[in-house]
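Colleague: Right, I'll just put the structure down here and ask away after.
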Amino acid sequence: MFLVKKQSNFLSDLNPDQRQAVEATEGPVLILAGAGSGKTRVLTYRIAHILDQQKAAPWEILAMTFTNKAASEMKERVKVLVGSDKNVWLGTFHSVFAKILRWDVSNIGYSSEFVIYDADDQERLVKYILADMGINPKEYAPKSIRNIISRQKNSLVSPESYASSVNSPFEKVVAQIYPLYQDRLRDNMAFDFDDLIAMPIRLFSECPDILKKYQARFRYILVDEYQDTNKAQYMLLHHLAKDSRNLCVVGDDDQSIYRWRGADLRNIIEFEKDFPNYHLFRLEQNYRSTQTILQAANSVIENNKDRKGKTLWSDREKGDPVELMEVVDEREEAQKVVESIKEEVFKGKRSFHEFAVLYRTNAQSRSLEDGLRRSGMSYTIVGGVRFYERKEIKDVLAYLKLICNPRDSLSLKRIINFPLRGIGESTLRRIEAWALNNGLDLFRAIGEVEAIPDIPSRIKKSVVAFHVMMQKYIALKDKITPNELVRTVVDETGLLTMYKGDTSVEGQGRAENIREFLSAVGEYVDSSESPSLSGFLEEVSLVTDIDSWNDKSNAITLMTLHCAKGLEFPVVFITGLEEGLFPVPRSLDEPEALEEERRLFYVGLTRAKDKIYLSWAERRRLFSDMNFRIPSRFLDEIDPDVVRKTKPARQQVRFERSRFHKRITEQFDTHPEYESFSQEDTCFQQGTRVRHEMFGNGTIVNMEGTGAKKKVVVQFENGVKKKFLLQYARFDSL
DNA sequence: GGCAATAGGCTTTTT
DNA sequence: GCCTATTGCC
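As numbered in the numbering used here, residues 581 to 1314 make up the first sequence, in order.
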């Protein structure tokens, strides 16, 4: 049977609270687990314990997380305990229900060959609908329309009931679009992210026998990060666990940071109502952080009114105080991060992978990145522009989606003239109109292009060629492996060659990304048991960058606070603690939103094991201009006993000069005729010997750009060749 | 229909 | 400040 490796004594690894939570396998269980209290441990041991007691077979256990990263970590740990994880249903909400939809969605009139639309696709779809309705997208922003529709779907509000509840003119327009949006998804045989949750609910209520099947199958259900579930997700759990009542949810109300995405803390209250006689367990012992860090975190979170209330404690040592750094601007902030890391590495004998630099918005990563790059430290950024959301990748994906599902007209429109085939807007409009009149989908219509009037024969030929090519791929789809197919598509359509020929940095980057994509397909094929194109597409739609982040490379990690949830690092920097940045301006007049910002700060603080650095800048460049800033209110909330303020000595002369230099080059930029007076032009030129604090001595071998954009290429004696923006470069003349 | 230049938006967070 | 989408010209 499913033997647990360490046999029955493995429960002795747990503390009494954890052990109780693990052993209470029967009936509803709510575990309120503070940060670092061994939440994942409890979940994995629970799975092992259920198997050990032979209460269920692996495939009768369903465990759900929010990120693939959390899911794979859990899989790993279950594997260690149980020896095999193969058949435990362990995945994200979205991936688990995508799988279920593939199997059973045909029962409610949808195709199991559906494609998945991401936020960008959703927005495009809204744009097309707006265009059809003759509505100006500048007045009615597709982005906010998409957001509203998404929120409705997450709250299980149908188009009809939404329409009857709206008031403002804007909402009335959204109410018109919402049903059309759903129709269009259906016509394209596509689901958006929200459908992956909402559709199973519909499936379960329309087909009770299918619900019964899954109810009977999933005898034990476990949910991680329960505080982040939205109403739709709650309903799903409610349906599935109604019979067995063996639902175990683990959450921390203090770490709820996805309210804006529909996460609803009321789900904890609903749980108590829908599953009476539940067992409640609290895990308050933190195994991660020092006393000091917990004291700081507790003193902050106490300012929230809306919480169930708990206080984390730890028997770890007191540790270092929280370092609060007041800096002049974002450049000095980056500099201070660099210096502190250097010091920690030197004195504390730490290595780079033990550091995380966190920030509220992705935009803040740039200045930090510049600082780290200048210092020559290796770092990885998690998040930002995601790989699978890059334009060139989405283009390849659109080809693949169309091959899988020819009715996906959104993808068809994206690629019919890319690479350019002379099939322009007017041609497309004529085909679309004809398709509509003849009741055909777009792909079928382009197959009949000969019959469509008012299209020059030269263009018709091109349309036919496109159609023939796509038909060929569709026929090939099941005959060759996904990586052979993708390579063929990329080669034959010229997607790769067009970027190869582009010698610019962006062009080369895009070509590189496509090659990386090709190897991703290869990896998928190698690692999957029954690889298929649609399987690959599904995987791609549901992964995020954090999933591929690996903590084994020795590099400093940069990411947003949201991204950091669930992770831990010995040393954590939280930067940009300024009013109007963290907390963000939009939260200032809404108490609930402000509390969520505070929880986010709490999440950040509790990521740290040994040491925390906080920073705020007196001025910061936001958007395009510099503005003066005041420290975040959250800083005042930290118990002053645990804080050490470092108001570092003001800049060295070198730094002052470089800022002066910046000021004058900006002046010269607006008055180019004075540029020749810039002293730097004579200071640094080709052949000038320079010294860089990280790379050592070198020679300027090339220069490009003017004024503030002036760049120098330096060949260093150690063989490294680097390009710097002159205004940021920190050189000493030799 | 194709291409280059420009305007405009973005910056809260993501499955 | 950067990126994209749109505009206007060829």
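Yeah, the Cβ is synthetic: ideal placement off N, Cα and C, and Gly gets one too. Keep in mind the model is a prediction, meaning the values are calculated, not measured.
For Thr1324, report the span of its alpha helix (DSSP H) as first-last.
Modeller: Outside the shown range of the chain (581 to 1314) lies residue 1324, about which nothing can therefore be said.
Colleague: Note down, one range per segment and in chain order, each beta strand (DSSP E) of at least 3 residues found wholly within the region 692-736.
Modeller: Every beta strand (DSSP E) of 3 residues or more that sits fully in the region 692-736 is shown, in chain order, as 695-697.
Colleague: Could you have a look at Arg930 and say whether DSSP puts it in helix, strand or coil?
Modeller: What you label residue 930 is simply residue 350 of the first sequence in a count that begins at 1. Coil.
Colleague: Evaluate Asp823 with the Cβ neighbour count: other Cβ atoms within 10 Å of its Cβ, from every protein chain shown; 16 or more gives buried, anything less gives exposed.
Modeller: Your numbering for residue 823 matches position 243 in the first sequence. By the neighbour-count rule (16 or more Cβ atoms within 10 Å), Asp823 is not buried but exposed.
Colleague: Leaving out five residues on either side along the sequence, give the residues of the same chain with a beta carbon under 8 Å from the beta carbon of Phe932.
Modeller: Residue mapping note: residue 932 aligns to position 352 of the first sequence, counting from 1. Cβ within range, chain order: Ile921, Val925, Met957, Ser958, Tyr959, Asn1134, Ala1135, Ile1136.
Colleague: So Pro739 packs on Tyr758, CB below 8 Å; how close in whole Å?
Modeller: By 1-based counting over the first sequence, the position of residue 739 is 159. By 1-based counting over the first sequence, the position of residue 758 is 178. Right, the Cβ-Cβ distance comes to about 4 Å (below 8 Å), so this counts as a contact.
Colleague: Buried or exposed for Asn878, going by 16 or more other Cβ atoms inside 10 Å?
Modeller: Translated into the one-based positions of the first sequence, residue 878 becomes position 298. Asn878 comes out buried.
Colleague: Can you check the region 1104-1151 for any alpha helix (DSSP H) of at least 4 residues that lies completely inside it and give the ranges in chain order?
Modeller: 1113-1122, 1125-1128, 1141-1144
Colleague: Just curious, the beta strand (DSSP E) that Tyr800 is in, first and last residue?
Modeller: Your numbering for residue 800 matches position 220 in the first sequence. Where Tyr800 is concerned, the enclosing beta strand (DSSP E) stretches over 800-803.
Colleague: Could you name each continuous beta strand (DSSP E) segment of 3 residues or more that falls completely within the region 823-864, going from the start of the chain to the end?
Modeller: 827-831, 859-863
Colleague: Let me know the beta strand (DSSP E) ranges lying completely inside the region 859-909, each 3 residues or longer, listed in chain order.
Modeller: 859-863, 902-907
Colleague: Once the 5 residues before and after Arg1209 are set aside, which same chain residues still bring their CB inside 8 Å of it?
Modeller: Position 629 of the first sequence, counted from the start, is the residue given in the question as residue 1209. Around Arg1209: Glu1158, Glu1159, Gly1160, Leu1161, Trp1196, Ala1197, Glu1198, Arg1199, Arg1200.
Colleague: Where does the unbroken beta strand (DSSP E) through Arg1201 begin, and where does it stop?
Modeller: Start at 1 with the first residue of the first sequence, and residue 1201 comes out as number 621. 1199-1202 is the extent of the beta strand (DSSP E) around Arg1201.
Colleague: Mind checking which residues open and close the alpha helix (DSSP H) that includes Met1050?
Modeller: Stepping through the first sequence from its first residue, residue 1050 is reached at position 470. From DSSP, the alpha helix (DSSP H) with Met1050 extends over 1037-1056.
Colleague: I'd like to confirm the pairing. Which residues does DSSP put opposite Phe935 in its beta bridges?
Modeller: Along the first sequence, read from residue 1 onward, the residue named residue 935 stands at position 355. Note: Phe935 sits in a beta bridge opposite Val1151.
Colleague: Do Ile1011 and Ile995 have their CB atoms nearer than 8 Å?
Modeller: As a working mapping, residue 1011 is identified with position 431 in the first sequence. As a working mapping, residue 995 is identified with position 415 in the first sequence. No. Outside cutoff.
Colleague: Whose C-alpha, out of Gly1146, Pro1150, Val1152, Leu1202, is nearest the C-alpha of Val1164?
Modeller: Here the question's residue 1164 lines up with position 584 in the first sequence. If we check each option's Cα against that of Val1164, Leu1202 comes out closest.
Colleague: Below 8 Å CB to CB, which residues in the same chain sit around Thr624 once its five sequence neighbours on both sides are set aside?
Modeller: Reading the first sequence from its first residue, position 44 is the one you call residue 624. Within its own chain, the residues whose Cβ lies closer than 8 Å to the Cβ of Thr624, once the five positions on either side in sequence are excluded, are Met654, Arg657, Val658, Leu661, listed in chain order.
Colleague: My assumption, with CB atoms under 8 Å, is that Gly614 sits in contact with Leu845. Please give the rounded CB distance.
Modeller: Translated into positions along the first sequence, residue 614 becomes position 34. Translated into positions along the first sequence, residue 845 becomes position 265. At roughly 16 Å, the Cβ-Cβ gap does not stay under 8 Å, so Gly614 and Leu845 are not in contact.
Colleague: Give me the residue from Arg987, Arg868, Thr647 with the minimum Cα distance to Lys1189.
Modeller: The residue labelled residue 1189 in the question sits at position 609 within the first sequence. If we check each option's Cα against that of Lys1189, Arg868 comes out closest.
Colleague: Have a look at Ala643, Gln633, Asp701 and flag the residue whose alpha-carbon is nearest the alpha-carbon of Glu969.
Modeller: On the first sequence, residue 969 is found 389 positions in, with the first residue counted as 1. Minimum Cα distance to Glu969 is reached at Asp701.
Colleague: Should Ala1055 be labelled buried (16 or more other beta-carbon atoms within 10 Å of its own) or exposed?
Modeller: Position 475 of the first sequence, counted from the start, is the residue given in the question as residue 1055. Result: exposed.
Colleague: With a CB to CB cut of under 6 Å and the five nearest residues on each side skipped, what residues in its chain are close to Lys974?
Modeller: If you number the first sequence from 1, residue 974 lands on position 394. For Lys974, where only same-chain residues beyond five positions count, there are no Cβ hits under 6 Å.
Colleague: Just how far apart, CA to CA, sit Val829 and His674?
Modeller: Taking the first residue of the first sequence as 1, we reach residue 829 at position 249. Taking the first residue of the first sequence as 1, we reach residue 674 at position 94. Rounded to whole angstroms, Val829 to His674 spans 17 Å at the Cα level.
Colleague: Kindly indicate which three-state DSSP category Arg626 falls into: helix, strand or coil?
Modeller: Numbered from 1 along the first sequence, position 46 holds the residue referred to as residue 626. Arg626: helix per DSSP, three-state reduction.
Colleague: Output the distance between the C-alpha atoms of Ser664 and Asp593, rounded to the nearest integer angstrom.
Modeller: Here residue 664 refers to the residue found at position 84 when the first sequence is read from its first residue. Here residue 593 refers to the residue found at position 13 when the first sequence is read from its first residue. Computed Cα separation, rounded: 20 Å.
Colleague: Quick one: using the 10 Å Cβ neighbour count with 16 as the cut-off for buried, is Asp1205 buried or exposed?
Modeller: Taking the first sequence and counting its residues from 1, the one referred to as residue 1205 is at position 625. Exposed: under 16 other Cβ atoms inside 10 Å.
Colleague: Across which residues does DSSP place Leu521 in a beta bridge pair?
Modeller: Residue 521 lies beyond the range of the chain shown here (581 to 1314); nothing can be said about it.
Colleague: Since Ile1039 contacts Val1070 with CB under 8 Å, what's their CB separation in whole angstroms?
Modeller: What you label residue 1039 is simply residue 459 of the first sequence in a count that begins at 1. What you label residue 1070 is simply residue 490 of the first sequence in a count that begins at 1. That pair is no contact at about 25 Å.
Colleague: Is it the case that the region 793-809 contacts the region 1100-1116, given that we only count it when at least three CB pairs across the two stretches are under 8 Å?
Modeller: no
Colleague: What residue does the alpha helix (DSSP H) around Arg766 start on, and which one ends it?
Modeller: In the first sequence, the residue the question calls residue 766 occupies position 186. Where Arg766 is concerned, the enclosing alpha helix (DSSP H) stretches over 749-767.
Colleague: Cys984 and Leu1098: beta carbons closer than 8 Å?
Modeller: In the first sequence, residue 984 corresponds to position 404, counting from 1. In the first sequence, residue 1098 corresponds to position 518, counting from 1. Not in contact: Cys984 and Leu1098 (Cβ atoms no closer than 8 Å).
Colleague: Any heavy atom of the ligand COA within a distance shorter than 7 Å of the CB on Val829?
Modeller: Annotation note on the ligand COA: not contained in the displayed structure, which lists no ligands.
Colleague: Distance check for Ser748 and Phe1153, CA to CA, integer angstroms please.
Modeller: As a working note, residue 1153 is residue 573 in the first sequence. As a working note, residue 748 is residue 168 in the first sequence. If you take the alpha carbons of Phe1153 and Ser748, they lie about 43 Å apart.
Colleague: How many Å lie between Glu719 and Ala678 at the Cα?
Modeller: As a first step, residue 719 must be located in the first sequence, where it is residue number 139. As a first step, residue 678 must be located in the first sequence, where it is residue number 98. Going by the C-alpha atoms only, they are around 35 Å apart.
Colleague: What residues match up with Pro1211 in a beta bridge as DSSP calls it?
Modeller: The residue labelled residue 1211 in the question sits at position 631 within the first sequence. Glu1158.
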